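Asker: Heads up: take any position in the sequence shown, counting from 1, add 88, and you land on my numbering. C-beta atoms are modelled at their ideal positions from N, C-alpha and C, and glycine is treated no differently. What you are looking at is a predicted structure, and each value in this text was computed from that prediction instead of being measured.
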Amino acid sequence: MCPLPTPSAPADLRSGPSGDASGDELVIGGRRFASRLMTGTGKYPSLELMRASLEASDCAIVTVAVRRVQSQAQGHLGLMEAIDWQRIWMLPNTAGCATAEEAIRVARLGRELAKLAGQEDNTFVKLEVIPEGRHLLPDPFGTLAAAEQLVREGFTVLPYINADPLLAKRLEEAGCATVMPLGSPIGSAQGIRNAANIGLIIENARVPVVVDAGIGVPSEAAQAMEMGADALLINSAIALAGDPAAMAHAMALATRAGRLAHLAGRLPMRAEAAASSPLQGRVGT
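See the structure below:
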């Protein structure tokens, strides 16, 4: 008997060159990206492991802590030369800034850093305003103030925030290119602890929603994408894994799987069981 032909996927779900759905690119500030997984450059045991992980993740955007690069902090010496900036888009971040004023100054330095990498037209900045060092929760007031000023200066602002739907909407109205709610505190690996609020942000946003911080394993990455997040930013879970490159690849697969599941549409949850096969026409009926 001839084998049945394998049905092809719908046109909008077929896998493209990057493994994401063809024609389903991430768009931020008018720029298109094939991958929906962003990664970072901090906390890796070595630059070699970082480079291998970036390759395995198939990411198109990498965030760089401007202050740590400028100060040549541990793990950041040689960072700029270790990454192929012709292939990867730099996302300078304002990590280490406790006030809006500090973040604005560092964002300006980040724009110059991107130019040094050959990205003359790069105006992206991941805005972080974090006033305390224990919980590392972002300051909503400082973030909004800094975002409004940076938007006026022509930056493409990606603000890191608590999962606050009202703040997310205010930042969108201020002209931010995305909103980046945390799943749980930075580096905590607690997963998606704010699912209800993140769901509200996704439902109401007209800009991409990037879940940032707290994801520890691929199942949590898939969960965020299944909810309808547009992208993820994952650093610690990859950099501090036993095998960072393998974890980066796993996170990439989970991001794609979660996105495809979201596009496909999940089976609605039911209070009662529903038979998989029809009851009519059974033998003996």
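Out of V154, Q278 and E260, point me to the one whose CA is closest to T129's CA.
Answerer: Numbered from 1 along the sequence shown, position 41 holds the residue referred to as residue 129. That would be V154, whose Cα lies nearest to the Cα of T129.
Asker: Give, in chain order, every unbroken run of the beta strand (DSSP E) that is at least 3 residues long and sits entirely within the region 182–254.
Answerer: 212–215 and 244–249
Asker: Whose CA, out of A293, A283, G287 and G275, lies closest to the CA of A262?
Answerer: By one-based count along the sequence shown, residue 262 stands at place 174. Considering only alpha carbons, the answer is A293.
Asker: Where does A359 fall in DSSP's three states?
Answerer: One-based indexing of the sequence shown puts residue 359 at position 271. Coil, per DSSP.
Asker: Does DSSP classify A144 as helix, strand or coil?
Answerer: For the purposes of this step, residue 144 is taken as residue 56 along the sequence shown, with counting starting at 1. Note: A144 maps to helix in three-state DSSP.
Asker: For the pair the region 306–322 and the region 118–129, tell me if three or more CB-CB distances fall below 8 Å.
Answerer: yes
Asker: Using a Cβ distance threshold of 8 Å, determine whether the region 332–345 contacts the region 297–306, with at least three qualifying pairs required.
Answerer: yes
Asker: Give the single residue among S276, H350 and P180 whose Cα lies nearest to the Cα of R222.
Answerer: The residue labelled residue 222 in the question sits at position 134 within the sequence shown. R222 has its Cα closest to that of S276, out of S276, H350 and P180.
Asker: For F50, which residues of its own chain have a beta-carbon under 6 Å away from its beta-carbon, when the five flanking residues on both sides are left out?
Answerer: Since the first and last residues shown for the chain are 89 and 373, residue 50 lies out of range.
Asker: Taking T343 as part of the alpha helix (DSSP H), name the residues at either end of that continuous run.
Answerer: On the sequence shown, residue 343 is found 255 positions in, with the first residue counted as 1. Per DSSP, the unbroken alpha helix (DSSP H) holding T343 starts and ends at P332 to A352.
Asker: Span of the beta strand (DSSP E) holding L128?
Answerer: Residue mapping note: residue 128 aligns to position 40 of the sequence shown, counting from 1. Looking at the sequence itself, residue 128 is Gly, so the reference to Leu does not match. It spans L125 to G128 - the beta strand (DSSP E) in which G128 sits, taken as one unbroken run.
Asker: Going straight from the alpha carbon of G272 to that of G206, what length do you get?
Answerer: As a position in the sequence shown, residue 272 is number 184, starting the count at 1. As a position in the sequence shown, residue 206 is number 118, starting the count at 1. One detail in the question is off: residue 272 reads as Ser in this sequence, not Gly. Going from the Cα of S272 to the Cα of G206 covers about 34 Å.
Asker: With burial defined as no fewer than 16 other Cβ atoms inside 10 Å of the residue's Cβ, what is the status of M89: buried or exposed?
Answerer: Against the sequence shown, residue 89 aligns to sequence position 1. Confidence at M89 is low in this model, with a pLDDT of 40, below 50, so the placement of that residue should be treated as unreliable; the coordinate-derived value is given next. M89 comes out exposed.
Asker: Over the uninterrupted alpha helix (DSSP H) stretch that includes A312, give me the two end residues.
Answerer: The count along the sequence shown starts at 1 and reaches residue 312 at position 224. Its alpha helix (DSSP H) spans residues P306 to E314.
Asker: Excluding five sequence neighbours on each side, which residues of the same chain lie with their C-beta closer than 6 Å to the C-beta of G316?
Answerer: Position 228 of the sequence shown, counted from the first residue, corresponds to residue 316. Excluding residues within five positions, the ones whose Cβ falls inside 6 Å are I290 and H350.
Asker: Can you give the Cα-Cα distance for I149 and V115, rounded to whole angstroms?
Answerer: For the purposes of this step, residue 149 is taken as the residue at position 61 of the sequence shown. For the purposes of this step, residue 115 is taken as the residue at position 27 of the sequence shown. Between I149 and V115, the alpha-carbon positions lie close to 12 Å from each other.
Asker: I'd like to check one pair, G302 with G287: are the Cβ atoms closer than 9 Å?
Answerer: For the purposes of this step, residue 287 is taken as residue 199 along the sequence shown, with counting starting at 1. For the purposes of this step, residue 302 is taken as residue 214 along the sequence shown, with counting starting at 1. Their beta carbons are not under 9 Å apart, which means G287 does not touch G302 by this criterion.
Asker: With DSSP collapsed to three states, give me the class of A317.
Answerer: As a working note, residue 317 is residue 229 in the sequence shown. Correct three-state label for A317: coil.
Asker: Looking at the structure shown, is V157 part of a helix, part of a strand, or coil, going by DSSP?
Answerer: If you number the sequence shown from 1, residue 157 lands on position 69. Residue state, collapsed to three classes: helix.
Asker: What's the gap between the Cα of V297 and the Cα of L225?
Answerer: Sequence index remark: in the sequence shown, residue 297 carries index 209 (1-based). Sequence index remark: in the sequence shown, residue 225 carries index 137 (1-based). Those two C-alpha atoms are separated by around 18 Å.
Asker: Nearest to C328 by CA position, among S123, L238, R119 and M138, is which residue?
Answerer: Translated into the one-based positions of the sequence shown, residue 328 becomes position 240. One detail in the question is off: residue 328 reads as Leu in this sequence, not Cys. Per the Cα distances, M138.
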